[in-house]
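Here's the structure we're looking at; comments come further down.
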Amino acid sequence: MQRTYIMVKPDGVQRGLIGKIIARIEKRGLKIVALKMYTITEDVARAHYGEHEGKPFFQSLIDFITSGPSVSMVVEGKESVKVMRSIVGSTNPLEAAPGTIRGDLSLDMGRNIIHASDSIESANREMAIHFDESEIASFTRIDEQWLYE
Ligand code: IDP
Ligand code: MG
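Using the numbering used here, you'd call the opening residue of the sequence shown number 25 and step up by one each time.
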């Protein structure tokens, strides 16, 4: 099974959307195997968004992501990277399809409430930034035999 890294960003936390977002992930059948809330430090934020260093929005992105608590998760399941990117929707909420998290719950590129890793390589890199391996649980959900053939 594949793992991906998900973050409810500070705007999602402030707007009281943690539960709604987690419910969508769980309902799809994906399994949350790690979860914690903390305020990301500047160093962690720069490592997490390293690929965007030098872009015009980089500093405001760092300021925003460190501005308050966010919720970090590891989500596991069949093709979880691809499935989570499709549940999350396009980066620009104005282009995100209705039914996606961003398309239903946000309006602005800089306030798009959730992060999801864009590849298996990014997922592995981001999980290692935010979690120790010992913080990631290994268990079977009781509905797994009905989720997978
Ligand atoms: P993603 O979150 O859909 O993977 P990325 O291109 O990796 O999108 O960008 C990371 C985050 O940086 C986005 O979620 C968004 O919050 C912010 N961002 C990306 N491009 C812009 C921009 O052009 N203006 C403002 N913020 C941006
Ligand atoms: Mg990205």
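Just so you know, even glycine gets a beta-carbon here, dropped at the ideal spot from N, CA and C. As the structure is a prediction and not an experimental result, all values here were calculated from the model.
For Leu-59, does the three-state DSSP call read helix, strand or coil? Along the sequence shown, read from residue 1 onward, the residue named residue 59 stands at position 35. Residue state, collapsed to three classes: strand.
Report the residue from Phe-81, Ile-30, Gly-101 whose alpha carbon sits nearest the alpha carbon of Val-169. Within the sequence shown, the letter at position 145 stands for residue 169. Contrary to the premise, residue 169 reads as Gln rather than Val in this sequence. The shortest Cα separation from Gln-169 among Phe-81, Ile-30, Gly-101 belongs to Gly-101.
Assign Asp-167 to buried or exposed, taking buried as 16 or more other Cβ atoms, counted over all protein chains shown, within 10 Å of its Cβ. Translated into the one-based positions of the sequence shown, residue 167 becomes position 143. Exposed, because fewer than 16 other Cβ atoms sit within 10 Å of the Cβ of Asp-167.
Close-in-space but distant-in-sequence residues of the same chain around Met-108 (CB under 8 Å, 5 per side omitted): For this step, residue 108 is matched to residue 84 along the sequence shown. Same-chain partners within the cutoff: Thr-28, Ile-30, Ile-49, Leu-54, Val-99, Ala-140, Ser-141.
Would Glu-150 and Gln-26 qualify as a contact pair, given that the criterion is a beta-carbon distance under 8 Å? Taking the first residue of the sequence shown as position 1, residue 150 is located at position 126. Taking the first residue of the sequence shown as position 1, residue 26 is located at position 2. No, they are not a contact pair.
Give the C-beta separation of Arg-126 and Ile-138 to the nearest angstrom, bearing in mind that I take them to be a contact with Cβ-Cβ under 8 Å. Sequence index remark: in the sequence shown, residue 126 carries index 102 (1-based). Sequence index remark: in the sequence shown, residue 138 carries index 114 (1-based). That pair is a contact at about 7 Å.
C-beta contact flag for Pro-117 and Met-133 at 8 Å: One-based indexing of the sequence shown puts residue 117 at position 93. One-based indexing of the sequence shown puts residue 133 at position 109. Their beta carbons are under 8 Å apart, which means Pro-117 touches Met-133 by this criterion.
Would you check if the distance between the CB atom of Val-105 and the CB atom of Ala-161 is smaller than 8 Å? Against the sequence shown, residue 105 aligns to sequence position 81. Against the sequence shown, residue 161 aligns to sequence position 137. No.
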